[in-house]
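Input: a single structure, listed below in structure tokens.
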Amino acid sequence: MSKNLATLIGFSAILQWSSIVGLLKKISFSIGADLAVMLMYTLSTIILLVFFKIPDLKLISKKYLIFSTLLFVVYELCFSYAIALAQTAQQAIEVSLVNYLWPSLTVVMLILFKEIKFNIFVVIGLMISLSGIIVIQTGQGDLSWGNILSNVQANPISYILAFLGASLWALYCVVTKKYSDGHNPISFYFIAISLLLWVKYLLSHELSLNALPDFDLITLTYMAIVSLAVALGYAAWNIGIIKGNITILVTLSYFSPVISTVISMFILQTTLSTEFWYGVILVTMGSFVCWISTNWQLLKSKILKSA
Numbered sequence: 001m002s003k004n005l006a007t008l009i010g011f012s013a014i015l016q017w018s019s020i021v022g023l024l025k026k027i028s029f030s031i032g033a034d035l036a037v038m039l040m041y042t043l044s045t046i047i048l049l050v051f052f053k054i055p056d057l058k059l060i061s062k063k064y065l066i067f068s069t070l071l072f073v074v075y076e077l078c079f080s081y082a083i084a085l086a087q088t089a090q091q092a093i094e095v096s097l098v099n100y101l102w103p104s105l106t107v108v109m110l111i112l113f114k115e116i117k118f119n120i121f122v123v124i125g126l127m128i129s130l131s132g133i134i135v136i137q138t139g140q141g142d143l144s145w146g147n148i149l150s151n152v153q154a155n156p157i158s159y160i161l162a163f164l165g166a167s168l169w170a171l172y173c174v175v176t177k178k179y180s181d182g183h184n185p186i187s188f189y190f191i192a193i194s195l196l197l198w199v200k201y202l203l204s205h206e207l208s209l210n211a212l213p214d215f216d217l218i219t220l221t222y223m224a225i226v227s228l229a230v231a232l233g234y235a236a237w238n239i240g241i242i243k244g245n246i247t248i249l250v251t252l253s254y255f256s257p258v259i260s261t262v263i264s265m266f267i268l269q270t271t272l273s274t275e276f277w278y279g280v281i282l283v284t285m286g287s288f289v290c291w292i293s294t295n296w297q298l299l300k301s302k303i304l305k306s307a
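Written out as structure tokens, the structure reads:
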């Protein structure tokens, strides 16, 4: 496989993951949040087992396996329920953008874990990203804390879950980088998520055919597509970062908020205000500033060599 092809496959992961917000919200409108999330992860687990099998857990540090599994599972649940519990299509997109604070928060975590040195541009990047979220929350109204709080209070659970998820994913990325030793037990993570969701569903819902909602062909189609997007996204991303150009892929990943918003807008058939797009751009710019701040010395040396 050529490096360019592997990079293109890796980029397809970004597109697939960007479609999850719209597809999951579409399904949860039809069959409810609990069932939508549970079935999505169940089908994704089956697909992942086909691609990755179950890893040899004896080769993985027990402390890392337990902690990383906990982080991954809780993050995925926070993210998926934040979207599924959103009250409207636009709110689902708003919540997803809170989750996209994770690139900036990852840089913060790297500093806290002393993996990189503190850089003032990290603070600037994080402030830019947060300002984007604030602009999105105010919408077309006045820029005031009252408007922001009023918007968040309409559905605080989704926003809290989204921010908690972004923080946990940032921590997971740093922990994985520092302690994984190259192991990737992704299929094990998804088995854990699926089992947890089934237990939760069986304990909180009546298990009978009459209790299940009607599944029309469109809902089933969306379910199949979103499950493939979740599972194959991980498979494609692994190919990209192992055999492709990781620098290009990381750079492209910072434009995920824009890509995800565009795809979600079409899937959910909703329109977004100009102010909303300003917020999206600010979130993206903030993440990009954080990335540049951590790679400045490397970029500087490359520029000097090419001069």
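Letter 247 of the sequence shown, counting from 1, is numbered 247 in full-length UniProt numbering, and no numbers are missing. Here a beta-carbon is modelled for each residue, glycine too, at the ideal position from N, C-alpha and C.
For this session: Taking the CB atoms as reference points, tell me whether M38 and L197 lie closer together than 8 Å.
Result: Yes; because the gap between Cβ atoms is below 8 Å, this pair is in contact.
Problem set entry | Reduced DSSP secondary structure (H/G/I, E/B, other) of residue 326 | Residue 326 lies beyond the stretch modelled for the chain, which goes from 1 to 307, so this question has no answer here.
Problem set entry | Ordered list of alpha helix (DSSP H) runs contained in the segment 161 to 234, each at least 4 residues | Complete alpha helix (DSSP H) runs here, min 4: 186 to 204.
Exercise. For G32 versus G132, is the C-beta spacing smaller than 8 Å?
Worked result: No.
For this session: Kindly list the residues whose CB is nearer than 6 Å to the CB of A89, restricted to its own chain and excluding five residues on each side of it in sequence; keep chain order.
Result: Cβ neighbours of A89 beyond the five flanking positions: L268, T270.
For this session: For S180, I'd like the list of residues in its chain whose CB is within less than 6 Å of its CB, leaving aside the five on either flank, ordered along the chain.
Result: Counting only Cβ-Cβ distances below 6 Å, and skipping sequence neighbours, we find nothing.
Problem set entry | Outcome for T261 when other beta-carbon atoms lying within 10 angstroms are tallied against a minimum of 16 | Only buried fits T261, as 16 or more other CB atoms lie within 10 angstroms of its CB.
Problem set entry | For L85, the three-state DSSP class (helix, strand or coil) | Coil at L85, not helix or strand.
For this session: Within the same chain, show all residues whose beta-carbon is closer than 7 Å to that of Y159, passing over the 5 residues directly before and after it, in chain order.
Result: The residues are V95, V98, V152.
Problem set entry | G182 classed as buried or exposed, judged by whether at least 16 other C-beta atoms fall within 10 angstroms | In this structure G182 is exposed. Its beta-carbon is surrounded by fewer than 16 other beta-carbon atoms within 10 angstroms.
Problem set entry | Three-state secondary structure (DSSP) of D34 | Three-state result, D34: helix.
Problem set entry | L282 and Q16 closer than 8 Å at C-beta | In this structure, L282 keeps its C-beta atom at 8 Å or more from the C-beta atom of Q16.
Problem set entry | Exposed unless 16 or more other CB atoms sit within 10 angstroms - verdict on V50 | The residue is exposed, with fewer than 16 neighbouring Cβ atoms inside 10 Å.
Problem set entry | F113, DSSP secondary structure in three states | In the structure shown, F113 falls within a coil segment according to DSSP collapsed to helix, strand and coil.
For this session: State the DSSP-derived secondary structure class of T42, mapped to helix, strand or coil.
Result: T42 carries a helical assignment under DSSP once its states are collapsed to helix, strand and coil.
Exercise. Rounded to the nearest angstrom, how far is the Cβ of F11 from that of L249, given a contact under 8 Å?
Worked result: Their Cβ separation, rounded to whole angstroms, is 7 Å, which keeps F11 and L249 in contact under 8 Å.
Problem set entry | Proximity below 8 Å, CB of L126 to CB of C290 | Between L126 and C290, the C-beta gap is smaller than 8 Å, which places the two residues in contact.
Exercise. Nearest to G264 by CA position, among V280, V123, L252, E275, is which residue?
Worked result: In the sequence as presented, Gly is not what sits at residue 264; that position holds Ser. Ranking the options by Cα distance to S264, first place goes to V280.
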